[in-house]
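The structure appears right after this line, and notes come after that.
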Amino acid sequence: MSSPEVFTDTFRRPLRDMRISVTDRCNFRCDYCMPKEIFGRDFAFMDRSELLTFEEITRLARVGAEHGVEKIRLTGGEPLLRKDLEKLISQLAELRTADGHKLDIALTTNGSALAFKAQALKDAGLERVTVSLDSLDDATFRAMNDVNFPLSKVLHGIDVAQDVGLGPIKVNMVVKRGENDGDIIDMARHFRGTGFILRFIEFMDVGSSNSWEMSQVVPSSEVVERIHEVFPLEPCDPNYRGETAARWRYRDGAGEIGVISSVTQAFCSTCTRARISAEGQIFTCLFATHGHDLRQLMRDGCTDGELAEALGAIWRVRNDRYSQLRTAQTQGPRDGRKKIEMSYIGG
Ligand code: SAM
Numbered sequence: 040m041s042s043p044e045v046f047t048d049t050f051r052r053p054l055r056d057m058r059i060s061v062t063d064r065c066n067f068r069c070d071y072c073m074p075k076e077i078f079g080r081d082f083a084f085m086d087r088s089e090l091l092t093f094e095e096i097t098r099l100a101r102v103g104a105e106h107g108v109e110k111i112r113l114t115g116g117e118p119l120l121r122k123d124l125e126k127l128i129s130q131l132a133e134l135r136t137a138d139g140h141k142l143d144i145a146l147t148t149n150g151s152a153l154a155f156k157a158q159a160l161k162d163a164g165l166e167r168v169t170v171s172l173d174s175l176d177d178a179t180f181r182a183m184n185d186v187n188f189p190l191s192k193v194l195h196g197i198d199v200a201q202d203v204g205l206g207p208i209k210v211n212m213v214v215k216r217g218e219n220d221g222d223i224i225d226m227a228r229h230f231r232g233t234g235f236i237l238r239f240i241e242f243m244d245v246g247s248s249n250s251w252e253m254s255q256v257v258p259s260s261e262v263v264e265r266i267h268e269v270f271p272l273e274p275c276d277p278n279y280r281g282e283t284a285a286r287w288r289y290r291d292g293a294g295e296i297g298v299i300s301s302v303t304q305a306f307c308s309t310c311t312r313a314r315i316s317a318e319g320q321i322f323t324c325l326f327a328t329h330g331h332d333l334r335q336l337m338r339d340g341c342t343d344g345e346l347a348e349a350l351g352a353i354w355r356v357r358n359d360r361y362s363q364l365r366t367a368q369t370q371g372p373r374d375g376r377k378k379i380e381m382s383y384i385g386g
């Protein structure tokens, strides 16, 4: 019997990863992602009935896995706000790839509820977490999350996650010039030698609400230079083709950092990710302006074969490479369509 088709796009990029948003809600209001002025009290978040159910998410992941998907990352919004998330994780942990391997299941969180949830997530089969943390200075951290959330709670959550074995833990810091770029060295110092992998993310022009300006982007090359001056670094090879972060290790053996340069050094050519919003729209690029509705298809009673065919049809014609073309598009799509917000599409 021939093995099932691995979906491949027009640039021969296979569909390997699904980033699945489980909610569009978040308890933080980071200005680069969900600024208060837009995501305020009157903002209409999705109704519960609009969210994909755990069964629908698992079905999508299963059909994806039969056609080449190896990795599922749960995100949002803040994924830990979704009730009983561990039930979804235990369902996903049962899935296998076409050649019988377990899927790599990861979660990206702001860490605010990690201390309470880490053990249940681990018991359900979660392998590792990535925690977003933009500063080690409590005042800066509170200002950036814009809900006055204390740093100590997130640090405690990270420790608990480490203790229950959700590692190696990655810590993501979005760097904005003038807001937290003064904390780069402190972050490096704090996480060096701990086994945590600190990654610096360039502030991206995702969505239309974060008033992005190139002047606020700290290029990864500058981050590496600044750290190198204090703690000498050398480049290391990627773990696998298509890894989003470029890796650098400390010359003294105190571990490694990563830099994600989606603005200054686009990595579209190796992008194997599809993003699925909490209501079941699939997007083939973080910077997309429109998605395809998989929820309707499933709720209309499609078979698994039809669902696979729909996924394949979307992926085979994929030609996105927004970041590579950004220079020409920084003013936004010329036809006036709005890019989708990160909190909707899933980070
Ligand atoms: N709430 C979760 C969290 O905080 O990690 C998951 C969703 S969040 C949208 C995922 C990641 O996207 C976070 O690390 C966040 O810092 C990052 N992010 C959001 N907006 C961004 C932007 N404009 N540029 C770069 N990274 C961004």
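The numbering of the sequence shown is my numbering, which starts it at 40 and goes up by one. Using N, Cα and C, we set each Cβ at its ideal position, and we do this for glycine too. Computed from a predicted model, the values in this text were never measured in an experiment.
Counting only residues of its own chain and dropping the five nearest sequence neighbours on each side, G232 has a CB closer than 7 angstroms to the CB of A293 and G294. Distance from the CA of C310 to the CA of G281, rounded to the nearest whole angstrom, comes to 6 angstroms.
Taking the CA atoms as reference points, A154 sits about 7 angstroms from A200. Not one heavy atom of the ligand SAM sits closer than 7 angstroms to the Cβ of V168. Of the residues assessed, H329 falls on the exposed side of the cut-off, its CB having fewer than 16 other CB atoms within 10 angstroms.
The DSSP-derived three-state label of G139 is coil. For H229, no pairing in a beta bridge is given by DSSP. For Y383, no pairing in a beta bridge is given by DSSP.
Judged by the Cβ position, Y279 fails to qualify as a neighbour of the ligand SAM at the 7 angstroms threshold, every heavy atom of the ligand being at least this far.
By the C-beta density criterion, R101 is buried, having at least 16 other C-beta atoms within 10 angstroms. Taking 7 angstroms as the cut-off, one finds no heavy atom of the ligand SAM near enough to the beta carbon of T233. Relative to the ligand SAM, even the nearest heavy atom lies 7 angstroms or more away from the CB of P189. With respect to the 8 angstroms criterion, A313 and I266 are not classified as neighbours on the basis of their beta carbons. Sorting P53, R286 and E95 by C-alpha distance to the C-alpha of M337 places E95 at the top. The bridge partners DSSP lists for H331 are I321. Set against 7 angstroms, the gap from the CB of P258 to the closest heavy atom of the ligand SAM is not smaller. DSSP places I353 in the uninterrupted alpha helix (DSSP H) bounded by D343 to R355. A direct Cα-Cα distance of roughly 30 angstroms separates L190 from E273. The C-alpha of M243 lies about 6 angstroms from the C-alpha of V302.
E264 counts as exposed, since fewer than 16 other C-beta atoms from the protein chains shown sit within 10 angstroms of its C-beta. An exposed status is given to H140, since fewer than 16 other beta-carbon atoms sit within 10 Å of its beta-carbon. Note that the C-beta distance between R68 and K75 is below 8 angstroms. For the set I128, T97, E105 and V61, the Cα lying nearest the Cα of D86 is the one of V61. For G297, the enclosing beta strand (DSSP E) starts and ends at E295 to I299. The Cβ atoms of L113 and L146 sit closer than 8 angstroms to each other. The Cβ atoms of V214 and I208 lie no closer than 8 angstroms to each other. Of all C-beta pairs linking the segment 317-326 to the segment 349-356, three or more are shorter than 8 angstroms, placing the two stretches in contact. Separation of E218 and S260 (C-alpha to C-alpha, rounded to the nearest whole angstrom) is 18 angstroms. Under the three-state reduction of DSSP output, E252 falls in the coil class, being neither helix nor strand.
The Cβ neighbour count for K377, taken over all protein chains shown within 10 Å, is under 16; the residue is labelled exposed.
When only Cα atoms are considered, F239 and I299 end up about 6 angstroms apart.
Only residues of its own chain outside the window of five on either side were considered, and among them E105, H106 and A137 have a CB closer than 6 angstroms to the CB of P43, listed in chain order.
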